[in-house]
């Protein structure tokens, strides 16, 4: 279980303020051969998910919660990330994004292993989730889509690709399209993976890739405050162990984030993309986030004619570390009001 | 000339406000076999330097200016970095730090090439400079030692290793010992170099190493403001080309910075190290510096019973980009008062 956010979240996160439902069993939807935006086909597509709570008779209380970069639906439960959803009221469906090693991924594909795995976009992840929601779960309209980090990117994609399919959306440290710094960050990881691949062992990139992520996950100010020099070895070991188990999987999700852009179906216009949105949106960002820099999400919210919950603390991308209780309560209120 | 700071400085720096002297010819001091702190010997040690201005009759107006990480004495002139020194008044001696590819380095050593090159410390760089100053130039006491980044680290080392040898010191974005974030950053570069070395081509690490440096050189807020997505390719190309020409040289200087600690001769006590200082110090730091985080330098200045010139802008380690004129004028006043 060498997953960056899980590792670092479990090391650094305080218990979430609100109680999280226990881990639920893994279910898998077989989507068959799945046509991708690129024109390629993902063969034998499998989408894994875990649900909690009960779907009401009108099927009106479902909340979809896709995974973050490198994360799994299991992580969403075990880290307590789903605790912002009250499962006594809502039916929660967490979904493993393609490329995470649980849903279809280079590491687990039978017919398209490793380098043979096709390029996946955030739009493909969301299109598959749409199939799950409408065809497998039989839900016509979601109460909400929410997600953290790459999950927040998927929430923005849902908002613009299926505007009538949800009442609300909560992108948390997400983005409608990555900023320049984020792109430099992820391209650095891709470059390290390519270096290792050329050296004959793609998996040997994992320590460097994990360390690059750790550089951006929290702010330098956080480390000046909370990481004494004596803890450096522990920090480095945690960082090295923080990348995914498969560098092919890591590469797949990196490429998906790098290519992410909700304006692509709107002639490159964010204003037109925003004009398509019908749901209510609670946009949560960290002003000191160096992993998913907040500018694009803040500007998109403004194009929706609304503000953002913008946290200013030194926790960076892991803003729940500093302001978890406050944010979770705001999200519960938004979902339930 | 693939040197990070030079590349990025020349791309991004506005002209220095004050006029810089033209590039001066390279001189080389042969120091013979040079005993290192580690107990190893650097064979046929060569220390390169360039001077400007005229040494006065009392030899009282000399300012020593060692190079930054990856930089050369040529860079100090061509970037205009030396323009804070008025060479109509002062005799300026810029010195190429060991490992920079000009002074003794893994890339140019005849008898200790590549992996055979011994481990060098910041203390060794400074000890060699002390030999240059006292034995080659015949100067008993410097007017000042100043330096930027790793040059600032050398200035802190001078202050504590040879407290009576200078009247003033100006460490700029330097550090008496690196903070945790800095160590994580440099260890990430070392890890990339080691990955490439294991893959059979140490030099193939350069693009990743350059990109890691670029992540920390300026703040994410700077890139959100000044790097539009359309400029990303240029940013990435500049970053990839920003590492040193020799990854052996880069590794040597990385290891020197990682091991840097002026308290090592004072039982690990920064308070005792600071108590040894006799010179006047102008400590210049960037509060948003993610490459040499400012905490240790600020705390050291406080142990000297004084404040710091602490810039708060979004330029990070390249604080001259935002506040160059202001800082240079403050330094000139300090040197001349």
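Protein chains in written order, with this note's numbering: chain G, 1 to 337; chain E, 1001 to 1337.
Just so it is clear, CB atoms sit at the ideal spot from N, CA and C, and this is done for glycine as well.
Note that the structure is predicted; figures quoted are calculated from it, not measured.
Any chain E beta carbon closer than 8 Å to residue i
| i | result |
| --- | --- |
| residue 362/G | Any property of residue 362/G remains undetermined from this structure, which presents chain G solely from 1 to 337. |
| residue 212/G | yes |
| residue 101/G | no |
| residue 308/G | no |
| residue 179/G | yes |
| residue 224/G | yes |
| residue 227/G | yes |
| residue 116/G | no |
| residue 265/G | no |
| residue 260/G | no |
| residue 175/G | no |
| residue 143/G | no |
Beta-carbon spacing of residue i, residue j below 8 Å
| i | j | result |
| --- | --- | --- |
| residue 1290/E | residue 1177/E | no |
| residue 1297/E | residue 1174/E | yes |
| residue 155/G | residue 45/G | no |
| residue 1181/E | residue 223/G | yes |
| residue 190/G | residue 251/G | yes |
| residue 142/G | residue 165/G | yes |
| residue 1242/E | residue 1263/E | no |
| residue 292/G | residue 1184/E | no |
| residue 107/G | residue 98/G | no |
| residue 36/G | residue 124/G | yes |
| residue 279/G | residue 169/G | yes |
| residue 1087/E | residue 1276/E | no |
| residue 1314/E | residue 1221/E | yes |
| residue 77/G | residue 24/G | yes |
| residue 1215/E | residue 215/G | yes |
| residue 249/G | residue 121/G | no |
| residue 1153/E | residue 1203/E | no |
Three-way DSSP call (helix, strand, coil) for residue i in this model
| i | result |
| --- | --- |
| residue 1133/E | helix |
| residue 1356/E | A query on residue 1356/E cannot be resolved here, the shown segment of chain E reaching from 1001 to 1337 and no further. |
| residue 162/G | coil |
| residue 125/G | helix |
| residue 91/G | strand |
| residue 183/G | helix |
| residue 321/G | helix |
| residue 1285/E | strand |
| residue 1170/E | strand |
| residue 233/G | helix |
| residue 1029/E | strand |
| residue 249/G | helix |
| residue 52/G | strand |
| residue 1070/E | coil |
| residue 1146/E | strand |
| residue 78/G | helix |
| residue 1042/E | strand |
| residue 1314/E | coil |
CB-CB length for residue i against residue j, believed under 8 Å
| i | j | result |
| --- | --- | --- |
| residue 96/G | residue 162/G | Rounded, the Cβ-Cβ distance is 19 Å, inconsistent with contact. |
| residue 92/G | residue 67/G | In fact, because the Cβ distance is near 13 Å, the residues do not count as touching under 8 Å. |
| residue 1287/E | residue 1311/E | 7 Å |
| residue 72/G | residue 1208/E | Actually they are not in contact, since the Cβ atoms of residue 72/G and residue 1208/E sit about 27 Å apart, beyond 8 Å. |
| residue 192/G | residue 1192/E | 6 Å |
Same chain, Cβ closer than 6 Å to residue i, neighbours up to 5 away in sequence not counted
| i | result |
| --- | --- |
| residue 1301/E | 1283 and 1308 |
| residue 69/G | 149, 150 and 253 |
| residue 38/G | 119 |
| residue 1273/E | 1160, 1262, 1263 and 1266 |
| residue 1179/E | 1293, 1295 and 1296 |
| residue 1195/E | none |
| residue 1028/E | 1046 and 1048 |
| residue 139/G | 59, 62 and 133 |
C-beta neighbour in chain G for residue i, strict 8 Å
| i | result |
| --- | --- |
| residue 1187/E | yes |
| residue 1295/E | yes |
| residue 1317/E | no |
| residue 1302/E | no |
| residue 1195/E | yes |
| residue 1191/E | yes |
| residue 1207/E | yes |
Cβ-heavy atom distance, residue i to the ligand NAD, below 7 Å
| i | result |
| --- | --- |
| residue 276/G | The ligand content of the structure shown is nil, which means the ligand NAD is not present either. |
Cβ-based neighbour list, residue i, same chain, cut-off 7 Å, excluding 5 preceding and 5 following
| i | result |
| --- | --- |
| residue 1210/E | 1004, 1239, 1240, 1241, 1242 and 1243 |
| residue 145/G | 64, 155, 158, 166 and 169 |
Cβ shell of residue i (< 8 Å), same chain only, five flanking positions each side left out
| i | result |
| --- | --- |
| residue 330/G | 282, 284 and 309 |
| residue 269/G | 263 |
| residue 56/G | 91 |
Within chain B, partners of residue i - CB distance below 7 Å
| i | result |
| --- | --- |
| residue 236/G | Of the protein chains in this structure, namely G and E, none is chain B. |
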